[in-house]
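The C-terminal residue of the sequence shown carries number 365 in the numbering used here, and the numbering is unbroken.
Some notes on the structure that comes next.
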Amino acid sequence: MSDLGFGIIAVARAVGIELKFCTLHIICNVTSKFGKLFRQEHHNLIWESQGALQEIQYTAGLADLAVACGEQVQAYVANIDPVKRVIYPNIKTAMLYGWSTTNFVENEHSTSLMNNIRYSLPFPFVSAFVDFMRHDFKKKSNRAKKWIAEDRKVTPGALKAYDQQLQLAGHYATEPVSDDIFHVYSTTRLPKFKKRVVVSNRECSCAFMDQNGIPCRHFIASMLAAGTAARIFDSFDDVYLVSVYASVFDGAFVLPPIEEELYEYKFASSKRTTKLPRPHIVIRVPNHTMDPTQLPASHKVPCIGVRSTFNYRNLTNDERHAAYDMVLAEARFYVIDSSALWRFYRDNQPYMEARSDCTCRCLQ
């Protein structure tokens with residue numbers, strides 16, 4: 002999967018899709034981190050380790066990497082979980098279908114690039130993407146009908162891969178071990194490296210069939226030797242069967258809304274909330290006779306009962322003492338707006354808490 006699309010990765014994990022690391026991205030990361038040690042001629046060492054069919058091959062590949070590039074590069078690659086990138090831990094557990102690398106973002110989003118919809122506004126983007134889905138489902142539905150009419154058993158792509166293996170099967174000989182088990186070896190290569198085929202289990206020790214779900218050359222040679230080649234299509238994995246493809250796409254369609262329907266939806270208006278009256282603050286102050294209008298007014302606090310505005314911000318402690326005494330003109334109650342009082346208290350909290358002649362209480 003892409004290392005750039007975090008949203009795509011999150012969706013894939015949510016639905017249980019098998020996630021693997023991209024070999025090409027690993028090579029790019031190693032090149033970026035160890036540019037002087039890991040050069041172009043060393044890239045094949047990463048590819049070979051990814052394609053290891055046995056743990057001993059993987060270990061040997063890491064050893065070759067250490068010799069060619071150093072222990073640092075070898076340790077960096079070895080710390081990458083082989084289950085996430087190498088074939089051998091996935092044999093009989095997860096089918097990789099010949100996977101080794103991917104440029105998922107560039108391939109899957111090519112349509113949005115060509116149609117200039119990637120940077121569209123939300124509504125045009127969704128509309129264009131739904132239209133793309135409509136066209137894609139219609140094409141696959143027609144394809145399913147056509148394959149059923151042609152009485153195909155497997156999809157054309159799977160049949161093409163099978164034909165490649167069938168051409169190679171003629172270069173292999175078989176040694177029957179039982180009616181169900183065969184040893185298969187190449188007639189054009191020495192020494193003989195035998196592969197074991199168990200026909201009833203649809204198994205071959207070469208791992209091609211296990212990882213791709215398509216009969217390999219060894220399995221085909223065994224079926225020909227056993228005289229059961231007519232049942233070869235029964236050995237394909239279910240994902241390649243036309244019947245399975247048709248069960249998903251035959252008659253399936255996406256119905257985009259038309260413009261008239263877009264106005265039929267009534268969105269509930271937001272609920273109006275009743276605005277509660279602000280609480281009032283009552284401050285009891287001592288007797289003073291100074292004129293509060295002499296104070297600066299850059300941060301105005303409205304007061305009922307004092308026909309002026311005043312400020313305590315940007316004052317020294319001594320100035321705060323003087324200002325406090327100047328504001329409180331006489332012993333009385335001043336009713337002040339709560340938000341204004343909060344700003345007042347925030348700016349002067351240390352001083353107000355130190356004054357014993359000032360008491361505050363809130364009236365709801």
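We put the beta carbon where it would ideally sit given N, CA and C, even for glycine.
{"Item": "Residue(s) in a DSSP beta bridge with L242", "Value": "V155"}
{"Item": "Member of D239, T60, C70 and Y173 whose CA lies at the smallest distance from the CA of V87", "Value": "T60"}
{"Item": "Simplified DSSP state of I182, which is helix, strand or coil", "Value": "strand"}
{"Item": "Start-to-end residues for the alpha helix (DSSP H) that takes in R232", "Value": "Per DSSP, R232 belongs to no alpha helix (DSSP H) and is neither H nor E."}
{"Item": "Cβ-Cβ distance between Y77 and A53 below 9 angstroms", "Value": "no"}
{"Item": "Minimum C-alpha distance to Y246 - residue among H184, P157 and I28", "Value": "P157"}
{"Item": "Residues of its chain near L38, where Cβ-Cβ distance is below 6 angstroms and the 5 sequence neighbours each way are ignored", "Value": "C70, G71 and V74"}
{"Item": "Buried/exposed call for I337, threshold 16 Cβ in 10 Å", "Value": "Here the model assigns I337 a pLDDT of 41, short of 50, so the residue's position is not dependable and the matter cannot be decided."}
{"Item": "Sub-9 angstroms separation of C205 and V185 beta-carbons", "Value": "yes"}
{"Item": "Close beta carbons around V131, own chain, < 7 angstroms, minus the five adjacent residues each side", "Value": "V255 and P257"}
{"Item": "Assigned secondary structure, S187 (DSSP; H/G/I helix, E/B strand, else coil)", "Value": "strand"}
{"Item": "Cβ pair count under 8 angstroms reaching 3, the region 209 to 223 against the region 235 to 254", "Value": "yes"}
{"Item": "R40 versus Y98 - alpha carbon distance", "Value": "29 angstroms"}
{"Item": "Stretch pair the region 119 to 138 + the region 219 to 233: three plus CB contacts closer than 8 angstroms", "Value": "no"}
{"Item": "Rounded C-alpha distance that separates L242 from D251", "Value": "13 angstroms"}
{"Item": "Residue interval of the beta strand (DSSP E) (run including V198)", "Value": "K196 to V199"}
{"Item": "Status (buried if at least 16 other CB within 10 Å, exposed otherwise) for F7", "Value": "exposed"}
{"Item": "Cβ-Cβ separation, L46 to L25 (assumed contact under 8 angstroms), whole Å", "Value": "That belief does not hold up - the Cβ atoms of L25 and L46 are roughly 14 angstroms apart, past 8 angstroms."}
{"Item": "Option nearest L169 by Cα separation, candidates E261, V12, I9 and C217", "Value": "C217"}
{"Item": "Simplified DSSP state of Y120, which is helix, strand or coil", "Value": "coil"}
{"Item": "Residue environment, V302, which counts as buried when at least 16 other CB atoms sit within 10 Å", "Value": "The predicted model places V302 with a pLDDT of 39, which falls under 50 and marks its position as unreliable, so this point remains unresolved."}
{"Item": "Of the residues D181, H172, C23 and N202, the one placed nearest K193, counting alpha carbons only", "Value": "H172"}
{"Item": "Under 9 angstroms between C-beta atoms of F220 and V198", "Value": "yes"}
{"Item": "8 angstroms contact criterion, which T175 and F183 should meet: CB distance rounded", "Value": "5 angstroms"}
{"Item": "One or two residues paired with C70 in a DSSP bridge", "Value": "Paired residue(s): none; C70 is not in a bridge."}
{"Item": "In DSSP terms, what E56 is bridged to", "Value": "Answer is none; E56 lacks a bridge partner."}
{"Item": "Per DSSP, the bridge partner or partners of P177", "Value": "F183"}
{"Item": "Of the listed residues D181, I27 and G214, nearest to V200 (C-alpha basis)", "Value": "D181"}
{"Item": "I92 vs Q166 beta-carbon contact at 9 angstroms", "Value": "no"}
{"Item": "Residue from I27, A159, I18 and E262 with nearest C-alpha to A83", "Value": "Here residue 83 is Pro; the residue named in the question, Ala, does not match the sequence. The candidate whose alpha carbon is nearest that of P83 is I27."}
{"Item": "Assigned secondary structure, E367 (DSSP; H/G/I helix, E/B strand, else coil)", "Value": "Nothing can be reported for residue 367: it is not among the residues displayed for the chain, which extend from 2 to 365."}
{"Item": "Three-state class that DSSP yields for C205 in the structure shown", "Value": "strand"}
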